[in-house]
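Working notes, beginning with the structure itself.
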Amino acid sequence: MISGAPASGKGTQCELITQKYGLVHVAAGDLLRAEVAAGSENGRRAKQFMEKGQLVPDEIVVMMVKERLLRPDAHKNGWLLDGYPRSSSQATALKEFGFEPDLFILLDVAEDTLVERVVGRRLDPVTGKIYHLKYSPPETEEIAARLTQRFDDTEEKVKLRLCTHHQNVEAVLSMYKDITVKVNGNLSKNDVFAKIDSVLDELLEQRKAGSGYL
Ligand code: AP5
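For the sequence shown, the positions run 597 to 810 when our numbering is used.
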């Protein structure tokens with residue numbers, strides 16, 4: 597699992613982790629945005645909460661994430677949960693469904709940096725890749741021309757999202773404290789990944805030593 601404040605770099609690190617470790621990236625925010633884009637009833641309801649920077653109600657999110665985790669690719673390759681759980685009720689539901697994480701990565705980033713990252717973020721609708729106008733600019737003019745911005749990526753909305761994050765983070769952290777690794781997310785994206793990579797590597801080594809396979 598990977599957790600952290602809005603724009604702490606969860607999605608960016610997930611791209612790097614999945615490239616190297618082949619895990620299936622399951623991001624609650626991406627699942628919700630897909631529902632919004634599809635114009636479904638759940639998407640329409642979810643958008644009302646997302647626009648206010650609030651958590652979308654459990655009756656929408658919990659089953660959505662559960663169904664994605666039950667798909668065969670996640671079972672076969674392992675999963676990397678991004679932005680979920682965000683409340684103790686979501687963490688409890690996950691446990692009841694039998695999903696137990698090996699590791700809880702917490703990205704720790706200074707608050708003024710978060711705002712700058714949000715307002716400069718752009719997404720490539722073709723590849724799904726995350727860019728930043730200053731820190732990870734698009735490679736070509738063609739990509740630059742098609743980049744989009746998320747509807748909740750304004751300074752005003754990120755402040756609301758941050759407030760929601762502060763209200764819920766402690767409850768979630770307390771449930772995973774034995775497997776939590778706090779990573780300094782203020783560094784460059786490659787330096788952050790180097791730290792995560794070393795932790796994952798160590799975990800795999802421990803597993804190999806403990807089980808005799810992998
Ligand atoms: P969600 O989509 O999960 O948004 P978030 O938590 O606010 O996180 P972000 O996606 O904004 O940021 P990120 O940490 O992935 O950062 P990124 O890598 O893109 O949730 C959106 C909404 O959906 C919520 O507000 C809520 O309403 C709802 N929702 C989601 N999950 C829910 C749940 N479980 N329950 C209920 N409701 C839920 O990076 C940001 C920018 O910084 C990019 O431009 C990137 O290029 C740049 N960057 C990244 N790393 C670095 C670095 N090291 N140095 C410099 N720049 C960097």
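Quick reminder that beta carbons are idealized off the backbone N, C-alpha and C, glycines included.
Since this is a predicted model, take the numbers as computed values, not measurements.
Please classify residue i: is it buried, with 16 or more other beta-carbons within 10 angstroms of its beta-carbon, or exposed?
| i | result |
| --- | --- |
| P733 | exposed |
| P602 | buried |
| N786 | exposed |
| Q686 | buried |
| H671 | exposed |
| P721 | exposed |
| S794 | exposed |
| G605 | buried |
| N780 | exposed |
| H762 | exposed |
| L628 | buried |
| E663 | exposed |
| K616 | exposed |
| A805 | exposed |
| E631 | buried |
| L702 | buried |
| G879 | As displayed, the chain neither begins before 597 nor continues past 810, which places residue 879 out of reach and without an answer. |
| M659 | exposed |
| S784 | exposed |
Per DSSP, what kind of secondary structure is residue i in: helix, strand or coil?
| i | result |
| --- | --- |
| Y680 | coil |
| F789 | helix |
| L783 | coil |
| T776 | strand |
| Y617 | helix |
| A706 | coil |
| F700 | strand |
| V622 | strand |
Just reading off the beta strand (DSSP E) that residue i is part of, what are its end residues?
| i | result |
| --- | --- |
| A601 | No beta strand (DSSP E) contains A601, which DSSP labels as neither H nor E. |
| R717 | R717 to L719 |
| Y731 | From DSSP, Y731 is part of no beta strand (DSSP E); its letter is neither H nor E. |
Identify, in the order they occur along the chain, each residue of the same chain with its Cβ nearer than 6 Å to the Cβ of residue i, setting aside the five sequence neighbours on each side.
| i | result |
| --- | --- |
| A623 | D678 and G679 |
| D654 | S685 |
| S683 | N764 |
Between which two residues does the alpha helix (DSSP H) holding residue i run?
| i | result |
| --- | --- |
| D654 | D654 to L665 |
| T816 | Since the first residue of the chain shown is 597 and the last is 810, residue 816 is not available in this structure. |
| L651 | Taken as a continuous stretch (DSSP letters only), L651 belongs to no alpha helix (DSSP H), as it is neither H nor E. |
| K755 | E751 to M771 |
| K643 | E637 to M646 |
| K725 | Element bounds for K725: n/a, residue is neither H nor E. |
Among the residues of its own chain, which have a CB less than 7 Å from the CB of residue i, if the five just before and after it don't count?
| i | result |
| --- | --- |
| L650 | Before going on, a small fix: residue 650 reads as Gln here, not Leu. So the list reads T760, once near-sequence residues are dropped. |
| K648 | L756 |
For residue i, which residues from the same chain have a beta carbon less than 8 Å from its beta carbon, with the 5 sequence-adjacent residues on both sides left out?
| i | result |
| --- | --- |
| L719 | K725, I726, Y727, L743, T744, Q745 and R746 |
| N782 | D704, V705, A706 and T709 |
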